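J.: Protein chains in written order, with my numbering: chain A, 8 to 562; chain B, 54 to 400; chain C, 174 to 356.
We treat Cβ as the ideally placed atom computed from N, Cα and C, and that holds for glycine.
Just so it is clear, the structure is predicted and the values come from calculations on it, not from any experiment.
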Amino acid sequence: MSIPRKLWRIHGGLHLPGHKAESMQQPITDAPVPPELILPLQQHIGNVATPIVNVGDRVLKNQIIARAEGYVSVPIHASSSGTVIAIEPRVIPHPSHLTDTCIVIATDGKDEATPVAAVLSDYRQMDPAELRNRIRDAGIVGLGGAGFPAFIKLNPGPQLKIHTLILNGAECEPYITCDAMLMQEQPRAILDGLRIMQHALHAQRCIIGIEDNKPAALQALQAALHTDEHTLIEIVAVPTLYPAGGEKQLIKTLTGLEVPSHQLPASVGVICHNVATAYSIAQAISHQQPLIERIVTVAGPAIPKACNYRVRLGTPMKYLIEHTGASPSLPARLIMGGPMMGFAINDLQTPVIKTTNCLLALTSQELPKTQFELPCIRCGECARACPAQLLPQQLFWHAHAKDFDKIQDFNLFDCIECGCCSYVCPSHIPLVQYYRFAKTEIWAKEREKSKSDIARQRHEFHLQRLERKKREDEERKRKKKEMLDKVTQTDSAADAKKAAIAAALQRAQAKKATQASPQNVEHLSEQQRQQIDEIDKRRANPSTVASQPGKDNES
Amino acid sequence: MSTFISSPHTLFTNNVTRIMLLVVAALIPGIAAHIYFFGIGIVINSIICIVTALLCEAGMLKLRDRPLWPFLTDGSAIVTALLIAIGLPSLFPMWLAIIATAFAIIIAKHLYGGLGNNPFNPAMVGYVLLLIAFPKDMTLWLAPHAAGPAVDFVSTLQFNILGQLPVIAHFDAITMATPLDTVKTELGTGLTVSQIVTNHPHLADAMFGKGWDIINLLFLLGGIGLLYKRVITWRIPVSMLITIAIFASIAYASNNTLHASPLFHLLGGATMLGAFFIATDPVTASTTPRGQLIYGCGIGIFTYLIRNYGSYPDGVAFAVLLMNLAAPTIDYYTRPRVFGHHPGTSS
Amino acid sequence: MLAAILALAILAIIFGLLLGYGAIKFKVEGDPVVDQIDAILPQTQCGQCTFAGCRPYAEAIAKGEADINQCPPGGETVILALADLLGRDPKPLNAEHGTHGEKTVVIIDEQVCIGCTLCIQACPVDAILGAAKHMHTVIKSECTGCNLCIPPCPVDCIHIVPVGTTLQTWTWPSPRDEHVHSA
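#1: F173 of chain B touches chain A at which residues, Cβ-Cβ below 9 Å?
#2: Looking at the strands, I want to know which residues DSSP matches up with C365 of chain A.
#3: Consider the Cβ of D205 of chain B: report whether some Cβ of chain A lies at a distance smaller than 9 Å.
#4: Mapping the DSSP letters down to three states, classify V353 of chain C as helix, strand or coil.
#5: Quick one: what's got a C-beta closer than 7 Å to A259 of chain B's C-beta in the same chain, skipping five residues either side?
#6: Going by CA-CA distance only, name the one from B:F206, B:A155, B:T209 and B:H163 that's closest to L183 of chain B.
#7: List, from N- to C-terminal side, the beta strand (DSSP E) runs of 3 residues or more that fit wholly inside the region 138-195 of chain A.
#8: Throw me the rounded Cβ distance for the P338 of chain A and A313 of chain A pair, which I believe falls under 8 Å.
#9: Under 9 Å between C-beta atoms, does W15 of chain A make it to chain C?
#10: Which residues mark the beginning and the end of the alpha helix (DSSP H) in which F317 of chain B is found?
#11: Counting only the same chain and skipping the five closest in sequence on each side, list residues whose C-beta sits under 6 Å from that of S86 of chain A.
#12: Using CA atoms only, rank isn't needed, just tell me which of A:T357, A:I360, A:A368 and A:Y326 is closest to R340 of chain A.
#13: Under 8 Å, CB to CB, which of the residues in the region 361-390 of chain A have a partner in chain B?
#14: With Y316 of chain A as the anchor, note down where its beta strand (DSSP E) starts and where it stops.
#15: Inspect the beta-carbon positions of T296 of chain B and C350 of chain B and report whether they are closer than 9 Å.
#16: At 7 Å on the CB atoms, spell out the chain B contacts of Y430 of chain A, in chain order.
#17: To the nearest angstrom, how far is the alpha carbon of R582 of chain A from that of I258 of chain A?
#18: Nearest to P272 of chain A by CA position, among A:S293, A:I197, A:E467 and A:I173, is which residue?
#19: In this structure, does DSSP put L21 of chain A in helix, strand or coil?
#20: Cα separation between I203 of chain A and F158 of chain A?
#21: Specify the secondary structure class of M147 of chain B as computed by DSSP and reduced to three states.
#22: Note down, in chain order, each residue of its chain lying with its Cβ closer than 6 Å to the Cβ of Q290 of chain A, except the 5 sequence neighbours on either side.
#23: Can we say the region 44-64 of chain A touches the region 83-98 of chain A, given the rule of at least three CB pairs closer than 8 Å?
#24: Rounded C-beta distance between T317 of chain C and V298 of chain C? I'm assuming under 8 Å.
#25: What does a CB cutoff of less than 7 Å around F279 of chain B pick up in its chain, not counting 5 residues either side in sequence?
#26: So what does DSSP say about F379 of chain A, is it helix, strand or coil?
#27: Would you call the region 158-169 of chain A in contact with the region 342-353 of chain A, where contact means no fewer than 3 C-beta pairs closer than 8 Å?
#28: Going by DSSP, what residue range makes up the alpha helix (DSSP H) through I97 of chain B?
#29: Whole angstroms are fine: how far does the CA of Y357 of chain B sit from the CA of A150 of chain B?
#30: Could you check if V275 of chain A is buried or exposed, using at least 16 other CB atoms within 10 Å of its CB as the buried criterion?
#31: Which whole runs of the beta strand (DSSP E) in the region 209-240 of chain A are 3 residues long or more, in chain order?
#32: What is the residue span of the alpha helix (DSSP H) that D329 of chain C lies within?
#33: List the residues of chain A whose Cβ lies closer than 8 Å to the Cβ of T338 of chain C, in chain order.
#34: Only counting the same chain, and skipping five residues up and downstream in sequence, which positions put a Cβ closer than 7 Å to that of G253 of chain A?
#35: Residues in its own chain within less than 6 Å of E239 of chain B by CB, not counting five upstream and five downstream?
#36: Around the Cβ of Q284 of chain C, are there at least 16 other Cβ atoms within 10 angstroms (buried) or fewer (exposed)?
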């Protein structure tokens, strides 16, 4: 077993009923390819991918169907072969239940893959930059939940020295076992992924942190470790205490280092990846296999036989749930993620995406009765449970009062939304929702502020432009008048002026003859054409032209 | 039900009613001892206070247009009523108990916004009202059971409700000052502690003032129960008790003829009740870990100072109210270091 | 009597000088109030407040010529912020100037537009692109939703569309606004 080593304590946390055994009775099972795959263009944090296929195109499995846009982005691959039948807004997994653009593929059942290019597959001979590109091209994002493009976390930049690479196998949320099962079944591939990342980062040590309620996973990884690697890779059991798997919490537990507020782990020389991400990286580098499927735990009391499935990305949740033998209707609450941090899904056509680690179907018995929210009695349970050592009741107070300046004084943005405070609150206040409300509202306010600043600038510029134009017009009039005054002094000049006027008239007539006719008139009705003619007449009439615009907007 | 449901999606594990009922349960041993030593009066007082509290609560909720059921069942009014009733002498006019409770619930609780929003401990506000406005009635404690005749149930009822004196004896014959009161008064006349004990043999009985010590020990037991059930944390009671002990020890060590022993202070008056049940009222106490230590310390200091230098025999109620006043400031300056922040940089 | 009056007078002079000196010495160089008001206003430049834009309205408020409840796009938020800044009592939005509604932008129906440039002239933030006899288009991200371009349009090809909520702009609702809450 693992070597005993010093671990650091995190503040707060909760001992939650695990509910993990239910979904670990069976090995990971392949879920069949559904008739329709719905692939959202945004399955990661960062810029939305850009579709590079059109409706009607036939696509093959592993084919890139949307390319990464900008740096913080990854491409999206077709999870099976078939025809693109739509690129349109569909409901995506998000707490807002909103729709977003998805590429919809009708699968043909052939599951025909793109040919695998014969490329180098030994990571030891690859440059870190090449490794990162291959990981990016494989569409790999953090599979633990947030979905941050994985290649970026392998590129800390030249000024940050990474000494420790941590693999997060804590999986602290109740019900979820996808990482545990993967560690049990694929320890070798996970370790390969870890070695690839270690190679890319030149980390001096690697630690795999696993909650001590997963002895089988610990054992499997330990057994898969090469004998000469014990000094480089440590497999460590961490106490089962929610949220031990929070990135900053796990780093603290394993290394004693505290990631400063508003900074990334790399700032203290640590990089943390999920075990499933490591597995996908190994697949991408050693087998040129892009990310088109992931392990999803389907569990909860509304599921008769909880199990982990290898699911093609884009599979509608309805299809997956039906496949488990559960009733195809929406359970009392369907949650993507765990009970503590997941969010409710209310449309069964929502697809499984890269960050779907668990589908949790709860019956009404596991849900709180809609209960009256009592006032905060300041009991302090929330503060004792808070792993970020915040003062949740103060945050609540200011969020309730919508005092967004004060709430930031109390470090709202250090809240990781783990849900511990809401869980213990005797007054049943939905604290986390208050914090989410405050956070999203603050972001919205910042967006509005920058928008109104731009509007102000543009309006000022607009006024300046009008002012300048007025000045220029006056200047021109003045000059013209001066010229006229001069001209009238001599006859020859008067002739010249007449000639000039005649020339101008001619020019104007010529222009009138070739004048552009209004656009888009072909499909207009007779009445509308008449209207346009009237407008043109009005325009030709000098009295109304006085207020006619100049053309300097073209500039 | 809202359209957007935020995590966590779990059943609640705790509720306000449970907390309040546990507090009530933890008060029972102390109340039982109270009945044993001072008669059934405390039960009558408790019932009067609880009924008053619930009626006032219901009335105020109605006036404030709040739902009745969740607030009447939260148990907070019952705790307030009980804490007032425990502080009253057994023979005590009903109308005073009603005034104190009504004042506590209407003025100290609901006019400040109801549950969770009152800056001052409502029970102590009601209690202090009586101490200030009706000091004489508050000092008429029956002699503890063993030292004098306990007044039977009917007589107590008659006195408390109808205002009729018990038929057995004249009032003075059955009442006596509390030990804290006695020691304070007699020290004031220039006697030494040992002389006082000689004059009042019951003070030497048992440990420190017959009955009071047992009652305090049983409130301590209830308090430990609350700690075990995680309803309260150790910081406020422990810091308060240690502060009282330290002050009393220093005084006692410097001159044991003029100062009572530390145990007398710890097991006398409302010390244990105050430490575990009053000072720990979450609404009005400090909430940060360091803040709670300071808060408990402050109550200890004020309690000791008032007992020794103030004009009231006991000072727990005043000390709690004074520290209630300071709690928001204490909280502000004792915010814990947030994860990922350096000590000292709060934001 | 005289001595007392004299003493008070001297004291008054001394303190007056001290205060005057203090006012000069420790003068707070803050934003002039007009800038602060302008920073709160939504910069729609719609003129619903009867002024020619947000800044003129800000100036009018600062001078006391306009009330703080004349900005429909800003709604309650702006009124509260102004009340807070100026130490005045908040009041409900003056309905004469309009009502606070959902955020909108305009789009030009390019199939109908005849390229008259009247809307370009009306746009306070130059958010409409186009040239005479060529169809125009609105730069959606710069449009403030002031709707000033709609009246001049001779063919009514400019339509108001709600901005709508996207994944990027969606916000969690406050539980307080959702259910009955006490306290």
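T.: Looking at the coordinates:
#1: Sequence index remark: in the second sequence, residue 173 of chain B carries index 120 (1-based). Within chain A, no residue comes near F173 of chain B; the closest Cβ sits about 13 Å away, beyond 9 Å.
#2: Position 358 of the first sequence, counted from the first residue, corresponds to residue 365 of chain A. C365 of chain A pairs with A:T304.
#3: Taking the first residue of the second sequence as position 1, residue 205 of chain B is located at position 152. Chain A contact via Cβ: absent.
#4: Position 180 of the third sequence, counting from 1, holds the residue named residue 353 of chain C. Any reading at V353 of chain C needs caution, since the residue's pLDDT is 43, under 50, leaving its predicted position unreliable; the model's value is listed next. Three-state DSSP puts V353 of chain C in coil, outside helix and strand.
#5: Position 206 of the second sequence holds residue 259 of chain B. Legend: pLDDT at A259 of chain B = 45, less than 50; position of this residue unreliable, value from coordinates given subsequently. Same-chain partners within the cutoff: D266.
#6: Here residue 183 of chain B corresponds to residue number 130 of the second sequence, with the count starting at 1. Nearest neighbour of L183 of chain B by Cα position, chosen from B:F206, B:A155, B:T209 and B:H163, turns out to be B:A155.
#7: Within the region 138-195 of chain A, the complete beta strand (DSSP E) runs of at least 3 residues are 171-176.
#8: One-based indexing of the first sequence puts residue 338 of chain A at position 331. One-based indexing of the first sequence puts residue 313 of chain A at position 306. Contact doesn't hold; Cβ gap of about 13 Å is too wide.
#9: Mapped onto the first sequence, residue 15 of chain A falls at position 8. Cβ-Cβ to chain C under 9 Å: no for W15 of chain A.
#10: On the second sequence, residue 317 of chain B is found 264 positions in, with the first residue counted as 1. Per DSSP, F317 of chain B belongs to the alpha helix (DSSP H) from P315 to L319.
#11: Here residue 86 of chain A refers to the residue found at position 79 of the first sequence. L44, I299, R319, L320 and G321, listed in sequence order.
#12: Your numbering for residue 340 of chain A matches position 333 in the first sequence. It is A:A368 whose Cα lies nearest to the Cα of R340 of chain A.
#13: The residues in question are L367, L369, E373, L374, P375, T377, Q378, F379, L381, P382, C383, I384, R385, C386, G387, E388 and A390.
#14: Along the first sequence, one-based indexing puts residue 316 of chain A at 309. Segment C314 to R319, the beta strand (DSSP E) holding Y316 of chain A.
#15: Your numbering for residue 296 of chain B matches position 243 in the second sequence. Your numbering for residue 350 of chain B matches position 297 in the second sequence. In contact: T296 of chain B and C350 of chain B (Cβ atoms closer than 9 Å).
#16: Along the first sequence, read from residue 1 onward, the residue named residue 430 of chain A stands at position 423. Within chain B, the residues near Y430 of chain A are P61, T63 and T66.
#17: No statement about residue 582 of chain A is possible, as the shown extent of chain A runs from 8 to 562 and does not include it.
#18: Counting from 1 along the first sequence, the entry for residue 272 of chain A is found at position 265. Comparing Cα positions, the closest option is A:I173.
#19: Position 14 of the first sequence, counted from the first residue, corresponds to residue 21 of chain A. Strand.
#20: To locate residue 203 of chain A, count along the first sequence from 1; it is residue 196. To locate residue 158 of chain A, count along the first sequence from 1; it is residue 151. Straight-line Cα distance between these residues: approximately 12 Å.
#21: What you label residue 147 of chain B is simply residue 94 of the second sequence in a count that begins at 1. Helix, per DSSP.
#22: Against the first sequence, residue 290 of chain A aligns to sequence position 283. Excluding sequence neighbours, Q290 of chain A sits near Q296.
#23: yes
#24: Taking the third sequence and counting its residues from 1, one reaches residue 317 of chain C at position 144. Taking the third sequence and counting its residues from 1, one reaches residue 298 of chain C at position 125. Correct: roughly 6 Å between the Cβ atoms.
#25: Stepping through the second sequence from its first residue, residue 279 of chain B is reached at position 226. Note that residue 279 of chain B is Leu in the sequence shown here, rather than Phe. Beyond the five residues adjoining it in sequence on each side, L279 of chain B comes within less than 7 Å, by CB distance, of L75, V76, A79, I285 and F329 in the same chain, given in chain order.
#26: Numbered from 1 along the first sequence, position 372 holds the residue referred to as residue 379 of chain A. Taken through DSSP and simplified to helix, strand or coil, F379 of chain A comes out as coil.
#27: Touching, no.
#28: Position 44 of the second sequence, counting from 1, holds the residue named residue 97 of chain B. From DSSP, the alpha helix (DSSP H) with I97 of chain B extends over G94 to L116.
#29: In the second sequence, the residue the question calls residue 150 of chain B occupies position 97. In the second sequence, the residue the question calls residue 357 of chain B occupies position 304. Their Cα atoms are separated by approximately 27 Å.
#30: Numbered from its first residue, the first sequence carries residue 275 of chain A at position 268. Buried: at least 16 other Cβ atoms inside 10 Å.
#31: Secondary structure in the region 209-240 of chain A: the beta strand (DSSP E) runs of 3 residues or longer, each lying completely within the stretch, are 212-218 in chain order.
#32: For the purposes of this step, residue 329 of chain C is taken as the residue at position 156 of the third sequence. No alpha helix (DSSP H) holds D329 of chain C; DSSP gives it neither H nor E.
#33: Within the third sequence, the letter at position 165 stands for residue 338 of chain C. By Cβ distance, chain A contributes S103 and L105.
#34: By one-based count along the first sequence, residue 253 of chain A stands at place 246. Same-chain partners within the cutoff: P394, I423 and C425.
#35: As a position in the second sequence, residue 239 of chain B is number 186, starting the count at 1. Cβ neighbours of E239 of chain B within its own chain (closer than 6 Å, five residues either side excluded): I249.
#36: Residue 284 of chain C sits at position 111 when you count from the first residue of the third sequence. Exposed: under 16 other Cβ atoms inside 10 Å.
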